[in-house]
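So the number in the numbering used here is just where the residue sits in the sequence shown, counting from 1, plus 10. Don't be surprised by glycine CBs; every beta carbon is placed ideally from N, CA and C. The next block holds one structure in the form of structure tokens; read it before the comments.
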Amino acid sequence: MEFYIYDRNDDKVGVLDNYSSIQWISNYDTTGEFWIVAKETDLNLMNLITGNRILKTDDNTIGFIKYSYSHDGIMDIRGYLDNLDDRINFDTAHIRDVSRDISTLIENNTRGLDIRVIDHIGPDVRIEKTETTYKPLRDTISSTCIQTGTGYRFVKKGDRFNCLELYKRDRNYDVIFSEEYNNIIGQSYSKDTSNYKNVAIVAGEGEGSDRKIVTVDQSNDQERYELFVDARDLTRKYIDENKVEHTYSEKEYEEILKQRGVDKMNERKVIEDYQVNIDVTNDTFVYKKDFFLGDIVKVKSLKYGFCKWFRIKSVKEIYEKSYRIVLTLDTEGS
């Protein structure tokens with residue numbers, strides 16, 4: 011497996027060499043990152059510059075160099091695995107049919123940005139209609155993916171660079187991580203409920219007793235943790251892309267307010283962070299053969315005393331004197 015270097019015109023300018031460390035961090039529903047430490051050679055000084063791209067050849071994912079620092083014979087190179095933060099959507103966009111509407115969102119906001127929207131960019135997923143205005147494309151796409159359990163990545167497909175691909179991974183019943191299988195060599199676990207809310211009281215337009223109030227209850231008969239959501243900005247009347255005014259029905263307006271409540275509670279979840287250092291010399295389960303980024307896998311931790319389903323939210327691949335991977339997992343039920 012090699013790392014190729016391309017310029018901003020997608021012309022190959024070299025192969026990454028003379029490096030001491032590469033950390034390539036792929037995330038499922040948010041942007042990934044990379045960090046390279048390399049020697050300050052003439053070729054590296056010429057090629058590892060901001061604006062150039064790194065292609066990881068085993069999966070064709072693409073990194074955009076955003077930071078380059080040279081000192082004492084060493085180069086420190088960093089960047090992101092997409093360039094979506096370079097554009098905002100200029101107008102109000104509605105997301106309902108995820109694949110179609112994200113494709114349209116990008117096509118309407120490229121303004122010369124190097125993104126290819128392929129004919130079909132992902133699974134057929136629909137959500138309650140949401141609005142986005144003047145937000146970075148990365149924020150809109152990431153929040154939509156988080157809401158729908160969908161992942162995204164930038165890849166090279168054939169001779170086409172910088173293709174946005176949506177994809178969806180589900181439960182992988184064949185893989186278990188546990189001390190019993192000797193495939194865990196280090197683990198950490200944290201649980202944070204300090205910001206958790208499970209009931210949203212959403213207030214829309216109106217004043218006093220005439221104000222439209224809806225309640226979204228996700229407590230499931232457990233202890234309630236309530237959140238007030240001021241959604242006065244969501245009104246019954248709206249202007250479409252053709253500047254025509256419309257009015258939501260009472261049911262439609264309630265659903266929009268409820269969706270705002272759901273979105274706000276999604277920002278106030280219990281945070282369970284579980285990180286495992288996988289023994290890649292143990293061939294019981296092999297990354298990119300038996301399990302993949304985004305898979306929901308079972309973890310049986312004898313150390314922390316639980317057996318749960320977790321989604322693989324992040325994979326850090328570390329290329330140094332040896333190769334190792336660190337998985338970050340997010341709970342996906344019991």
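With a CB to CB cut of under 6 Å and the five nearest residues on each side skipped, what residues in its chain are close to residue i?
| i | result |
| --- | --- |
| residue 344 | Here the model assigns residue 344 a pLDDT of 42, short of 50, so the residue's position is not dependable, and the following value carries that caveat. Same-chain partners within the cutoff: 318. |
| residue 224 | 212, 264, 267 and 268 |
| residue 271 | 210, 212, 226 and 239 |
| residue 32 | 46 and 329 |
| residue 197 | 286 |
| residue 214 | 222, 241, 244 and 267 |
| residue 208 | 228, 229 and 235 |
| residue 42 | 35, 36 and 91 |
| residue 190 | none |
| residue 202 | 281 |
| residue 30 | 47 |
| residue 80 | 50 |
Should residue i be labelled buried (16 or more other beta-carbon atoms within 10 Å of its own) or exposed?
| i | result |
| --- | --- |
| residue 312 | exposed |
| residue 249 | exposed |
| residue 157 | buried |
| residue 192 | exposed |
| residue 323 | buried |
| residue 5 | Only positions 11 to 344 of the chain appear in the structure, and residue 5 is not among them; the question remains open. |
| residue 163 | buried |
| residue 165 | buried |
| residue 284 | buried |
| residue 277 | exposed |
| residue 217 | exposed |
| residue 327 | buried |
| residue 153 | buried |
| residue 87 | buried |
So, at 7 Å on beta carbons, what are the nonlocal neighbours of residue i in its own chain, with the 5 sequence-adjacent residues on each side left out?
| i | result |
| --- | --- |
| residue 9 | Residue 9 falls outside the range modelled here, since the chain spans only 11 to 344, and no answer is possible. |
| residue 116 | 125, 127, 147 and 174 |
| residue 145 | 98 and 99 |
| residue 134 | 109 |
| residue 59 | 75 and 78 |
| residue 138 | 265 and 269 |
| residue 96 | 123 |
Residue i to residue j, Cα distance in whole Å?
| i | j | result |
| --- | --- | --- |
| residue 170 | residue 22 | 13 Å |
| residue 64 | residue 37 | 17 Å |
| residue 136 | residue 180 | 17 Å |
| residue 122 | residue 93 | 12 Å |
| residue 261 | residue 244 | 14 Å |
| residue 307 | residue 118 | 37 Å |
| residue 194 | residue 339 | 13 Å |
| residue 246 | residue 149 | 25 Å |
| residue 258 | residue 279 | 30 Å |
| residue 292 | residue 159 | 29 Å |
| residue 39 | residue 155 | 6 Å |
| residue 131 | residue 71 | 15 Å |
| residue 316 | residue 310 | 6 Å |
| residue 341 | residue 305 | 12 Å |
| residue 44 | residue 68 | 15 Å |
| residue 204 | residue 27 | 46 Å |
Using a Cβ-Cβ cutoff of less than 8 Å, which residues in the same chain neighbour residue i once the five nearest sequence positions on both sides are dropped?
| i | result |
| --- | --- |
| residue 25 | 12, 13, 14 and 15 |
### Task
Evaluate contact between the region 248-258 and the region 289-301, counting only Cβ atoms and requiring at least three cross-stretch pairs below 8 Å.
In short, these stretches do not touch, since the Cβ pair count stays below three.
### Ordered list of beta strand (DSSP E) runs contained in the region 112-195, each at least 3 residues
List check, beta strand (DSSP E) in window: 136-142, 161-167, 170-177 and 181-188.
### Message
So, does the region 104-112 touch the region 46-55, judging by three or more C-beta pairs under 8 Å?
### Response
Cβ pair count under 8 Å is below three, so no.
### Complete beta strand (DSSP E) runs within the region 273-342 (minimum length 3 residues, chain order)
With a minimum length of 3 residues, the unbroken runs of beta strand (DSSP E) contained wholly in the region 273-342 fall at 281-288, 306-311, 316-329 and 333-341.
### Task
Give, in chain order, every unbroken run of the alpha helix (DSSP H) that is at least 4 residues long and sits entirely within the region 46-109.
Segments of the alpha helix (DSSP H) lying fully in the region 46-109: 52-57.
### Task
Kindly provide the ranges of any beta strand (DSSP E) runs that are 3 or more residues long and lie completely inside the region 199-252, ordered along the chain.
Runs of the beta strand (DSSP E) inside the region 199-252: 209-213, 223-227, 236-240 and 247-249.
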